[in-house]
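K.L.:
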Amino acid sequence: MMEELLPESVVAVESHGDDPAGEASLYPEELAVLSRAVGKRRREFAAVRVCARRAMEKLGVPPGPVLPGERGAPRWPDGVIGSMTHCDGYGAAALARAADLASLGIDAEPHLALPDDVLDAVALLAESERLDRLRAREPAVHWDRLLFSAKESVYKAWFPLTGRWLDFSGADIELAVDPGRTADGLSGSLSARLLVPGPVVDGVPVQTFTGRWTARHALVATAITVPHPAPGTASGTGA
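Following my numbering, the numbering of the sequence shown begins with 3 at its first residue and continues without gaps.
Shown next as structure tokens:
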């Protein structure tokens with residue numbers, strides 16, 4: 003599911019349920035991070051790192067520990083960028099070579115309505131109005147949860163480029179639905195217009211991130227990729 007949202011330069015590995023390798027596959031440095039963690043946190047931490055190491059292997063990078071850095075962002079080997087996500091019963095990791103992409107962010111969430119009042123904290127007025135139109139068109143999709151996931155993916159792509167926090171109000175996200183329908187759900191594109199000064203990528207200011215989304219298999223998932231600007235670009239957008 004996640005790989006379908008990403009360009010060919012990205013490798014993605016996902017898991018459903020607990021991985022048999024689990025904690026036994028963790029490096030000592032990773033186990034040290036879990037010294038005070040409880041069962042659910044330990045299982046999710048381990049499962050998504052199994053995905054990350056399999057993605058490293060697919061990318062041709064020697065597997066190694068993936069430790070949390072500033073604000074919990076994963077620290078990848080030199081020359082590699084990536085993102086991880088996990089929710090109940092699902093985990094995924096996506097990696098690419100830094101020469102191929104500037105940044106990426108992925109997120110998966112259960113396909114359920116957001117808890118009461120969360121949408122008010124997440125959505126801008128313009129976003130809420132667009133969600134109302136999408137809801138009228140496709141009432142089976144929990145658009146509020148999909149917007150939340152998109153904001154998470156935007157942040158995960160943003161932070162490695164800036165080292166700065168980004169509030170939910172820092173990006174205006176528009177979701178578009180692909181024409182037609184697959185047998186198991188809906189997919190589409192997303193565009194995130196940054197409402198604060200964006201990152202500078204290879205000397206080019208970037209004010210828009212773009213990506214893909216899907217809603218199926220009791221999950222919603224989103225992915226953002228930020229390419230390197232084309233040579234000679236005066237101002238850029240993520241694609």
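Think of the CB as a built atom: it goes at the ideal place given N, C-alpha and C, for glycine as much as any other residue.
Whether or not the region 116–126 and the region 141–154 are in contact is what I'm after, with contact meaning three or more pairs of Cβ atoms, one per stretch, closer than 8 Å; do they touch?
P.N.:
yes
K.L.:
Leaving aside the five residues before and after residue 132 along the sequence, list all residues of the same chain whose C-beta is less than 8 Å from its C-beta, in chain order.
P.N.:
176 and 177
K.L.:
In this structure, what does DSSP give as the bridge partners for residue 105?
P.N.:
228
K.L.:
Is the distance from the Cβ of residue 113 to the Cβ of residue 49 below 8 Å?
P.N.:
no
K.L.:
Decide if residue 40 is buried, meaning its Cβ has at least 16 other Cβ atoms within 10 Å, or exposed.
P.N.:
exposed
K.L.:
Alpha carbon to alpha carbon, how far is residue 134 from residue 174?
P.N.:
15 Å
K.L.:
Residue 86 bridges to which residues according to DSSP?
P.N.:
95
K.L.:
Identify whether residue 240 lies in helix, strand or coil by the three-state DSSP scheme.
P.N.:
Per-residue confidence for residue 240 stands at a pLDDT of 46, beneath the threshold of 50, marking its modelled position as unreliable; no derived number is given.
K.L.:
Do residue 228 and residue 163 have their CB atoms nearer than 8 Å?
P.N.:
yes
K.L.:
Quick one: residues in its chain with C-beta nearer than 6 Å to the C-beta of residue 218, no 5 flanking neighbours on either side, listed in chain order?
P.N.:
186 and 187
K.L.:
Under 8 Å Cβ to Cβ from residue 79, same chain only, skipping five residues before and after it: list those, please.
P.N.:
58, 63, 64 and 66
K.L.:
Taking the alpha-carbon positions, what's the residue 70 to residue 7 distance?
P.N.:
25 Å
K.L.:
Using the DSSP secondary-structure output, state which residues sit across from residue 206 in a beta bridge.
P.N.:
Looking at the DSSP assignment, residue 206 forms a beta bridge with 203.
K.L.:
Tell me which same chain residues have a C-beta within less than 6 Å of the C-beta of residue 243, skipping the five on either side of it?
P.N.:
The requested residue 243 is not part of the displayed model; the chain covers only 3 to 241.
K.L.:
I'd like to confirm the pairing. Which residues does DSSP put opposite residue 15 in its beta bridges?
P.N.:
95
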